[in-house]
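Data first, discussion second: the structure below is written as structure tokens.
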Amino acid sequence: MHTFWKNLWQLVGPSQNKIKGLTFLLAFYELIKLVSPFLLKIIIDTLTSSGIAELKLLLWLVAGMLAAEEFQSVVGWVTNRLIIKVILEIEYYLPVSAQKKMMFLSLGYHERENTGNKITKVQRGVEHITNLIENLFWEILPTCLQLVITVVTLFFVDWRFSVAFFVFFPVFFYLTYRVNFKLKSRRQEMHRKWEEASGKMAQSILNINAVQSFVQEERETKEYQGIRDVILTNESYVWNKVMNFVMTRDFIINSGRLTTLMMGIWLVYNGLTTIGTLVFVFTISEKAFFSMFRLSRFYDRIEHSLEPVERFISLAKEEPEIKNPARGLKPKNIKGEVEFQNVAFAYHGGQRKALNGVSFHIPAGSRAAFVGPSGGGKTTIARLIYRHFDPFFGRVLLDGCSLRDYDLYHFRRAIAIVPQEVEIFSARVRDNIAYASPGASLSEIKKAAQIANADEFINNLKDGYDTEVGERGIRLSGGQRQRVGIARAILAKPKILIFDEATSNLDSYSEKLIQEAMERVSQRRTVIIIAHRLSTIRHADQIFVLEGGKIIEQGSHEELSNVRGGLYAKLLKLQNTGDVD
């Protein structure tokens, strides 16, 4: 629990000074609340001893009570304003910091974590942290302060009154802790299932085309319902256990109240204290015992919030696998020379190597291609050039320097990629093209679209460049999305341009348009083409053939096509005869 509060304190770093000030203000507020009951004690004792003879004093005491109540209201108003300010502040910067954290985490983390899980982790984490802060300042902290102040006050008024607290308080909170400790594993399972349910719903919606095409609507609904059933079972069990404990808590609280009252009556009967003192003690002890009950209920809520908050904290503490050097290289002019030196790599620490002892050199301004069977390591090369991952062994060089020595974000701006599935945002066509260059003018966007053979189809859209393309570009065809991707890459003005299977899923006409665009954008920059259609790489300066994570052949199209028994020649023959695409 100590670690939890320590981590939470770090999480609310921007609000720490306000929280400290608020704590002192709450303590002052709780002290002020004792003034009115204490004045009432004096009034009762005065009436008991002197009757109405001390009318002037009694009027002053009543006026003092009114003034104390009004001052208490002012302090309460200021306190509540500050609490609201802190809560709104936390509600603002926690999601923003979580978004920033996820944007800068390495690609490996995002490939391991389900999208729905990540979103739920943030949403539920922020929700529970906010609720925790609200309860902390409006309920928990005032209650704790009230308990401490009450016990201290009772001790000084008459130490015998504080005995009831010292007897019942430890028993009460031991039992509360024990009940919640037994429910910890159930709560952990419950929150894991919440994330799983969110991930399941996200996947079903994202892949709705496949779901409906293969008539799997009922299956997806049943699987989601099954996860929610587990959540309901666990949640019902947890809250039933908590509610069953309420009777025990009530008995302990009522026993403490009656013990305090009976002790007070006995002391008054024996002339050991005054009636005013009894009224004062019983008034503040009633509030304290009620606060003790409320505090136990808040403890239930805290325990219920622990798991989602800890999951959010784990996200906040997640470190990128790819470290950006503190003083990384930021050359003004990147030429685009790429070299791999005996590179080995396996995904997520697996045994099977995606690349094994790969070495090659691509001169700046040249055109290189990588071909070979699926799973040979072609896309992995592109990922290592981007430094989405670091090789386990060997080095990746850019212009003769290790990628590890460059400022990560500086050298990535010199690279652009057109993947097999271009990632399109739910925005306008012009926004998608200008994604890598948000400040680009409309004329620059149109020029890039013309080079990418995209201008014609964009002008035929309902709103032209202002057309909303829908989530993941659902309103565009595959070929149109690819051309938008090429236009985006052109506008980024990269020194290195990577085409990763950019034409593999297209019809012949779309492929022809994209090949023309690729030819136009390949001038005066390093171009790396990953392909399985050999027609797209005939004019490459050098071709690397990969199989099983190793380069088994290397040369130009003419050289490799004449290697008897070579894999490239075999693939070329199969494509020419139409046995494979």
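Its first residue numbered 1, the sequence shown is counted upward by one per residue in my numbering.
Cβ coordinates follow ideal geometry from the N, Cα and C atoms, glycine included.
Neighbour-count burial assignment, residue i, 16 or more Cβ in a 10 Å radius
i    : result
M518 : buried
V580 : Because the pLDDT of V580 is 49, which lies under 50, any placement of that residue in the model is unreliable, and the number read from its coordinates should be weighed accordingly. Exposed is the call here.
D455 : buried
T221 : exposed
K184 : exposed
K33  : buried
M584 : A query on residue 584 cannot be resolved here, the shown segment of the chain reaching from 1 to 581 and no further.
T536 : buried
M190 : buried
I248 : Ile is not the amino acid found at residue 248; the sequence shown has Thr there. Exposed.
T143 : buried
N342 : exposed
L11  : buried
R524 : exposed
V148 : exposed
T277 : buried
Q16  : exposed
G212 : Here the sequence assigns Gln to residue 212, which means Gly is not the residue at that position. When all chains shown are included, Q212 counts as exposed.
Y347 : exposed
A63  : exposed
Y568 : buried
L136 : buried
F71  : exposed
K20  : exposed
A288 : buried
K323 : exposed
Bounding residues of the beta strand (DSSP E) (the contiguous stretch that carries residue i)
i    : result
I424 : Note, I424: premise wrong, no beta strand (DSSP E); not H, not E.
K550 : 550-555
L497 : 496-500
V152 : Unbroken run through V152 is the alpha helix (DSSP H), 141-157; no beta strand (DSSP E).
E547 : 542-547
K397 : The sequence given here has Leu at residue 397, not Lys. 393-398 is the extent of the beta strand (DSSP E) around L397.
V527 : 526-530
Range covered by the alpha helix (DSSP H) that runs through residue i
i    : result
Q482 : 478-491
R186 : 184-206
E30  : 16-32
S73  : 55-104
V242 : 217-244
I119 : 115-135
I474 : No alpha helix (DSSP H) contains I474, which DSSP labels as neither H nor E.
R458 : As written in the sequence, residue 458 is Ile, which differs from the Arg given in the question. Run containing I458: 455-459, per the alpha helix (DSSP H) assignment.
F411 : 408-412
R533 : First-last for R533: undefined, no H or E at that position.
E468 : Per DSSP, E468 belongs to no alpha helix (DSSP H) and is neither H nor E.
H110 : 107-112
Q523 : Element bounds for Q523: n/a, residue is neither H nor E.
A452 : From DSSP, A452 is part of no alpha helix (DSSP H); its letter is neither H nor E.
For residue j and residue i, believed in contact at Cβ under 8 Å, the rounded distance
i    : j    : result
T596 : A202 : Lying before the first or after the last residue shown, residue 596 is absent from the chain, which here runs from 1 to 581.
L384 : P391 : 6 Å
E91  : T120 : Going by Cβ atoms, the distance from E91 to T120 rounds to 17 Å, so no, they are not a contact pair.
L513 : N453 : 4 Å
I415 : I496 : 5 Å
V429 : A502 : No, V429 and A502 are not in contact; Cβ-Cβ is about 19 Å, not under 8 Å.
A449 : A487 : 5 Å
P14  : E89  : 7 Å
K335 : A364 : 4 Å
T22  : V74  : Strictly speaking, residue 22 in this sequence is Leu, with Thr absent from that position. Contact flag wrong, Cβ pair sits at about 16 Å.
Q451 : F499 : In the sequence as displayed, the identity of residue 451 is Ile instead of Gln. The Cβ separation is near 14 Å, so there is no contact.
S556 : L572 : Not a contact, Cβ separation roughly 13 Å.
Residue i at chain B interface by Cβ criterion, 8 Å
i    : result
L567 : Going by chain labels, chain B is absent from the structure shown, which holds only one protein chain.
Heavy atom of the ligand FAD within 7 Å of residue i beta-carbon
i    : result
A326 : Within the structure as shown, the ligand FAD is missing, as the structure has no ligands at all.
Would the stretch 365-383 count as touching the stretch 527-547 if we require 3 or more Cβ pairs under 8 Å? yes
Jot down the residue ranges of each uninterrupted beta strand (DSSP E) in the stretch 258-283, minimum 3 residues, whole runs only, in chain order. none
Quick check: the stretch 406-423 against the stretch 355-364, are at least 3 beta-carbon pairs closer than 8 Å? no
Please confirm if the stretch 55-62 is in contact with the stretch 170-188, defined as three or more CB-CB distances below 8 Å between the two stretches. no
Counting pairs of Cβ atoms below 8 Å between the stretch 189-200 and the stretch 222-235, do you hit three or more? yes
Do three or more CB pairs link the stretch 329-344 to the stretch 290-309 at distances below 8 Å? no
contact_flag[the stretch 485-493, the stretch 428-443] where n(CB pairs < 8 Å) is 3 or more: yes
Residue ranges of each beta strand (DSSP E) within the stretch 301-377, 3 or longer: 338-345, 355-362, 367-371
On the three-pair Cβ rule with 8 Å, is the stretch 97-116 touching the stretch 254-263? no
Are there three or more Cβ pairs, one per stretch, closer than 8 Å when the stretch 276-290 is compared with the stretch 92-99? no
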